[in-house]
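Trainee: Supplied in structure tokens, the structure appears directly below.
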Amino acid sequence: MSSRIVGFTDEQRRKDQRREVIDTFIVIDGTTCQMTDMSLRSFRCIGFKNPVKPGDDIVIDELLLEDNSRLALNAPGMVIRFNKERKELIGVFVDISSATFDVLERLMMMRPVNETGGRVR
């Protein structure tokens, strides 16, 4: 008789792997906050002061990368969680273009996004 192991094999317990991000900021609806981690589908940032609630639509305007370059995204998103006391926002990208997906994939793989070498750390 054989047994089957069901479940997750890593500590993150999620389909989309998240990775920590340092020295990177995200501009959401004109408000700049510090990104702490991201995946191909979602992100977490701190310092978001606008009142929002889960399910609200947002626009991810741009990313400010660790080398001081700016990366325009204009990507639609949605609020998943918001902690008013910690000013922490967790959001997901929704209906992104293939070009935006390519940018996010490069960032996740820590590859330069453009010729100048902009990337997140």
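Start counting the sequence shown at -15; every next residue gets the next number (this note's numbering). Note that beta-carbon positions come from the ideal geometry of N, C-alpha and C, so glycine has one too. These figures come from a predicted structure and were not determined experimentally.
By DSSP, does F32 sit in helix, in strand, or in coil?
Mentor: Here F32 sits in coil by DSSP.
Trainee: For the 8 Å Cβ check, are there 3 or more pairs between the stretch 26 to 40 and the stretch -2 to 16?
Mentor: Short answer: they touch.
Trainee: Should M94 go down as buried or exposed, given a rule of 16 or more other Cβ atoms within 10 Å for buried?
Mentor: By the neighbour-count rule (16 or more Cβ atoms within 10 Å), M94 is not buried but exposed.
Trainee: Quick check on DSSP: helix, strand or coil for L88?
Mentor: Helix.
Trainee: Here's a check: name, in chain order, each residue in its chain whose Cβ is nearer than 7 Å to the Cβ of V97, leaving out the five neighbours to either side.
Mentor: Around V97: L55, V87, R90, L91 and R103.
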